[in-house]
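Numbering (UniProt numbering), first residue to last: 1 to 273. Backbone N, C-alpha and C fix where the C-beta goes; we use that ideal spot for every residue, glycine too. None of these values were measured; they are calculated from a predicted model. Structure, as structure tokens:
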């Protein structure tokens with residue numbers, strides 16, 4: 001028996017016993033957006049800890065629950081607190097929540113995160129639409145026996161981040177007068193921040209921002225056939241780009257400062273897609 005498959009469908013069965021809500025859009029909340037889910041029209045919530053075998057986030061400030069409800073007329077499922085690879089979970093557990101939301105019916109996925117700027121043109125507080133990613137530093141979530149119900153053994157990753165959704169996001173940003181960048185995101189394992197040499201390497205590869213999540217989730221979603229949009233909040237300049245030491249406090253402070261604009265953009269985007 002494929003243990004990853006068995007765990008996934010066991011969690012799905014457990015979740016379906018708690019809700020029959022059918023979402024169209026799935027949203028993963030990164031740093032600075034944690035309370036967003038509390039300001040939508042909430043219909044139901046399910047704590048991760050109440051789902052048998054479900055990985056529970058150990059990061060401070062992450063509530064750890066699914067929120068089901070409506071943004072405008074759009075039925076959504078929101079992941080309030082994600083699981084990271086650096087917490088010690090296998091990659092199959094890290095992407096299990098994404099797969100669950102897809103199996104519940106969500107066809108579109110919006111991933112948000114806090115990231116360090118690698119591009120010298122970026123500044124803390126900027127937003128960046130992901131147009132591509134690099135995952136050389138982390139294992140693929142598709143390693144192991146393929147789960148045929150999810151997708152093919154060798155899925156195409158030519159367009160992980162939907163060009164259609166990026167165009168809509170750019171339109172929404174202009175409408176709200178929010179400047180937005182487009183760039184390449186590189187996922188490192190964490191939990192340590194990268195060294196200056198690693199950042200120089202990533203820049204030479206063509207990366208514009210670095211973080212510790214998101215890309216693996218996007219790959220799992222594309223395997224499922226979901227349409228994906230990724231948005232990073234640039235919370236700091238990456239290692240070696242300034243004399244300031246990197247800290248999680250700085251990340252949280254910057255994310256909190258721009259959270260109002262970030263929430264407005266997410267709301268507008270979900271209504272438009």
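Short Cβ contact (7 Å threshold) for residue 188 with residue 33: By 1-based counting over the chain shown, the position of residue 188 is 188. By 1-based counting over the chain shown, the position of residue 33 is 33. Going by C-beta atoms, residue 188 is not nearer than 7 Å to residue 33.
Segments of 3+ residues assigned as beta strand (DSSP E) that fall wholly inside the region 104-154: 108-117 and 127-134
Rounded Cβ spacing between residue 162 and residue 77 (contact assumed at less than 8 Å): Counted from its first residue, the chain shown places residue 162 at position 162. Counted from its first residue, the chain shown places residue 77 at position 77. No, residue 162 and residue 77 are not in contact; Cβ-Cβ is about 18 Å, not under 8 Å.
Residue of 222, 99 and 137 minimising C-alpha distance to residue 158: On the chain shown, position 158 is the one that residue 158 refers to. With distances taken between Cα atoms, residue 158 lies closest to 222.
Candidates 248, 216 and 198: closest to residue 239 by CA position: Position 239 of the chain shown, counted from the start, is the residue given in the question as residue 239. Minimum Cα distance to residue 239 is reached at 198.
Runs of beta strand (DSSP E) wholly within the region 161-203 (minimum 3 residues, chain order): 181-187
Nearest to residue 211 (by Cα), restricted to the options 72, 237, 172 and 272: In the chain shown, the residue the question calls residue 211 occupies position 211. If we check each option's Cα against that of residue 211, 237 comes out closest.
CA-to-CA distance, residue 125 to residue 260, given in whole angstroms: Reading the chain shown from its first residue, position 260 is the one you call residue 260. Reading the chain shown from its first residue, position 125 is the one you call residue 125. Rounded to the nearest angstrom, the two C-alpha atoms are 12 Å apart.
Identified DSSP bridge partners for residue 233: Working through the chain shown from its first residue, we reach residue 233 at position 233. In DSSP, residue 233 forms a bridge with 114 and 127.
Residue 165 and residue 273 closer than 7 Å at C-beta: The count along the chain shown starts at 1 and reaches residue 165 at position 165. The count along the chain shown starts at 1 and reaches residue 273 at position 273. Result yes, Cβ atoms of residue 165 and residue 273 sit closer than 7 Å.
Residue environment, residue 3, which counts as buried when at least 16 other CB atoms sit within 10 Å: Residue 3 sits at position 3 when you count from the first residue of the chain shown. Flag for residue 3 reads exposed.
CB contact below 7 Å: residue 111 versus chain D: Looking for chain D here will not work: only one protein chain is present.
Given residue 225 as reference, the closest of 35, 103, 80 and 93 once Cα atoms are compared: For this step, residue 225 is matched to residue 225 along the chain shown. Residue 225 has its Cα closest to that of 103, out of 35, 103, 80 and 93.
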